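Protein chains in written order, with my numbering: chain B, 36 to 221; chain P, 19 to 340.
Beta carbons are placed, not taken as given, at the ideal position from N, Cα and C, and that holds for glycine.
The model shown is predicted, which means the values in this text are computed figures rather than measured ones.
What follows is the structure, given as structure tokens:
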């Protein structure tokens with residue numbers, strides 16, 4: 036079923052909307068959740084919560100890209116769940132590794148004047164990503180948005196594993212420089 | 019993991035949908051048949067091309083020898099061998115392309131360059147022609163790297179050349195061949211003691227080696243105006259570990275990014291995480307550029323841990339000055 040048809044079901048408050056969303060995007064959302072949580076039950080729970088959130092949000096919302104709308108909800112829910120589970124102790128899995136890598140992008144606090152709001156950080160990251168060559172941007176998002184493993188990314192784009200590592204290494208270094216230039220303090 | 023990383027991770031949730039859609043869209047296209055085929059059979063294709071080139075060169079040599087023995091005019095065979103050498107050089111360039119990213123990318127332009135005079139010495143064995151072609155490609159790649167200018171740029175300028183341009187280019191290639199010959203001639207075995215006392219290389223000698231590896235040989239190549247090169251080799255009796263050190267111009271992170279060279283890093287940026295994963299049977303190989311202009315090509319059939327220990331021991335002697 037097309038996105039527009041699924042959206043019409045949501046707007047008509049027809050519960051088949053959830054079934055069709057599950058059919059079309061269940062696997063996609065599950066992959067996002069599983070990459071972060073590495074746990075089947077938790078991932079299933081996040082995906083089900085995603086459908087509920089979508090049901091409550093549409094209407095009034097009418098997302099232009101249903102896939103990304105759902106994916107973003109799943110990612111946020113999964114990350115919240117991950118944070119809840121790992122609040123007291125350091126966890127394991129790909130998300131931990133990905134976060135460890137992102138530490139490299141954080142500028143030294145003493146180099147900046149004041150903190151910026153999270154929204155401003157989001158805006159700057161968008162500016163930064165738009166400044167990247169397409170390949171670098173794609174690889175970065177697959178790693179830090181979808182939390183995919185290096186070898187998955189390499190396979191997806193037909194790159195060598197080491198190429199992916201190199202691209203990510205250089206992009207993180209660039210992001211750090213960029214955020215420093217913008218005076219970002221985190 | 020830190021709170022700062024969490025903030026960046028969360029900020030990424032607000033990334034433009036357009037960018038996310040693009041990275042999904044690309045994934046579909048890239049998973050197409052052609053890249054998969056190339057990924058799966060790239061090595062086989064490269065091997066096939068090598069065989070074809072070797073066969074073509076051998077056949078050319080055979081024709082030449084037969085032509086000489088029959089006291090025919092050597093002009094035709096001479097031309098033929100010259101053509102063969104040209105195709106060999108072109109194929110070496112193609113092979114470098116097939117090898118993909120890495121430092122070999124810089125050799126791509128070299129393969130497309132004319133090989134006038136490659137087969138001037140008609141008495142040379144055919145394998146020499148092949149090796150000369152490879153050396154030529156390597157040397158020209160080296161020139162491109164030394165100058166910090168990708169050799170590919172030269173290739174793109176070839177279209178629409180005037181006669182004058184061609185003559186200038188031929189002169190340039192003649193100069194390059196002279197340099198190549200000079201490099202070959204200047205390369206010589208030196209004693210290990212002498213090598214270990216030769217600066218600036220001595221301070222880059224690792225203090226840690228993989229188990230059972232011992233000093234094997236050292237070869238020096240010096241051209242005062244162009245390069246100063248020393249190759250250290252160790253062996254465990256079966257495999258070789260080599261550190262090919264070249265003292266030259268400083269190469270920066272920006273230079274490497276422009277060149278898009280893979281397996282090439284500024285030494286201060288290098289970490290164990292970036293250690294290449296060579297395919298089974300291939301040596302571990304990468305290049306580091308140090309702040310004083312030293313370039314070291316690391317190569318050996320050793321584990322990532324062993325190679326990292328070697329790199330670390332060099333770093334300790336040459337601490338990065340930030």
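Secondary structure at residue 195 of chain B, three-state DSSP: helix, strand or coil?
-> coil
Specify whether the region 171-185 of chain B and the region 21-38 of chain P touch according to this definition: at least 3 beta carbon pairs, one from each stretch, less than 8 Å apart.
-> yes
One or two residues paired with residue 250 of chain P in a DSSP bridge = P/236 and P/261
Please report the residue range of the alpha helix (DSSP H) in which residue 171 of chain B lies.
-> 169-179
Residue 206 of chain P bridges to which residues according to DSSP?
-> P/238
Residue range of the unbroken alpha helix (DSSP H) whose run includes residue 75 of chain B = 75-92
Amino acids of chain P, ordered along the chain, whose beta-carbon sits closer than 9 Å to that of residue 83 of chain B | None at all; the shortest Cβ gap to chain P is about 20 Å.
Mind checking which residues open and close the beta strand (DSSP E) that includes residue 7 of chain P?
-> In this structure chain P extends from 19 to 340, so residue 7 of chain P is not present and cannot be described.
Determine whether the Cβ of residue 37 of chain P lies closer than 8 Å to any Cβ atom of chain B.
-> yes
List the residues of chain P that residue 177 of chain B touches, going by C-beta distances under 7 Å, in chain order.
-> 41
Got a sec: which bits of the region 45-79 of chain B sit with their beta carbon under 7 Å from any beta carbon on chain P, in order along the chain?
-> none
Put residue 215 of chain P into one of helix, strand or coil per three-state DSSP.
-> coil
Please check the pair residue 236 of chain P and residue 252 of chain P, which I expect to be a contact at CB under 8 Å, by giving their CB distance rounded to whole angstroms.
-> Actually they are not in contact, since the Cβ atoms of residue 236 of chain P and residue 252 of chain P sit about 10 Å apart, beyond 8 Å.
Assumed close pair residue 71 of chain B, residue 117 of chain B - CB separation to whole angstroms, cut-off 8 Å = 5 Å
Taking residue 97 of chain B as part of the beta strand (DSSP E), name the residues at either end of that continuous run.
-> Residue 97 of chain B -> no beta strand (DSSP E), and no H or E assigned at all.
Please list the partners that residue 30 of chain P has in chain B, where partner means a Cβ-to-Cβ separation under 7 Å.
-> 160, 179 and 180
Among P/306, P/74 and P/331, which residue has its Cα nearest to the Cα of residue 7 of chain P?
-> No information on residue 7 of chain P is available, as it lies outside the stretch 19 to 340 that chain P covers here.
Can you tell me which of the three DSSP states residue 36 of chain B falls into?
-> coil
Give the residues of chain B in contact with residue 306 of chain P, contact being defined as C-beta atoms less than 8 Å apart.
-> Those within 8 Å of residue 306 of chain P in chain B number zero; the least Cβ separation is about 13 Å.
Where the beta strand (DSSP E) containing residue 47 of chain B begins and where it ends = Careful: residue 47 of chain B lies outside any beta strand (DSSP E) and carries neither H nor E.
Confirm the yes/no value for this check: CB of residue 215 of chain B, any heavy atom of the ligand NAD, distance under 7 Å.
-> Questions concerning the ligand NAD fall outside what the structure shown contains, since it holds no ligand whatsoever.
Quick one, which residues of the region 98-119 of chain B are near chain P if we go by CB-CB under 9 Å, in chain order?
-> 98, 99, 100, 102, 103, 104, 106, 107, 110, 111, 114 and 118
Got a sec, what are the start and stop residues for the alpha helix (DSSP H) residue 163 of chain B sits in?
-> 153-166
Looking at the C-beta of residue 333 of chain P, does it have a partner C-beta in chain B at a distance below 8 Å?
-> no
Cβ-based burial, residue 69 of chain P [other Cβ within 10 Å; buried from 16] | exposed
Outcome for residue 42 of chain P when other beta-carbon atoms lying within 10 angstroms are tallied against a minimum of 16 = buried
Presumed contact (8 Å Cβ cut-off) between residue 305 of chain P and residue 282 of chain P, rounded CB distance | 5 Å
If you measure from the beta carbon of residue 316 of chain P to each beta carbon in chain B, is any gap under 8 Å?
-> no
Could you name the residues of chain B that residue 302 of chain P contacts, counting a contact when the two beta carbons are closer than 7 Å?
-> Those do not exist, as residue 302 of chain P stays about 11 Å from chain B at its closest Cβ, beyond 7 Å.
Could you work out which residues of chain B lie near residue 67 of chain P, taking near to mean beta carbons separated by less than 7 Å?
-> Result: empty, since nearest Cβ-Cβ is about 20 Å, beyond 7 Å.
Expressed to the nearest angstrom, what Euclidean distance is found between the alpha-carbon atoms of residue 133 of chain B and residue 157 of chain B?
-> 18 Å
Chain C partners of residue 157 of chain B, CB-CB under 7 Å?
-> Protein chains in the displayed structure are B and P, and chain C is not among them.
List the residues of chain P whose Cβ lies closer than 7 Å to the Cβ of residue 92 of chain B, in chain order.
-> The premise fails here: residue 92 of chain B is roughly 15 Å from chain P at the closest Cβ pair, so nothing lies under 7 Å.
Please state whether DSSP places residue 192 of chain P in a helix, a strand or coil.
-> helix
Minimum C-alpha distance to residue 81 of chain B - residue among B/99, B/213 and B/105 = B/105
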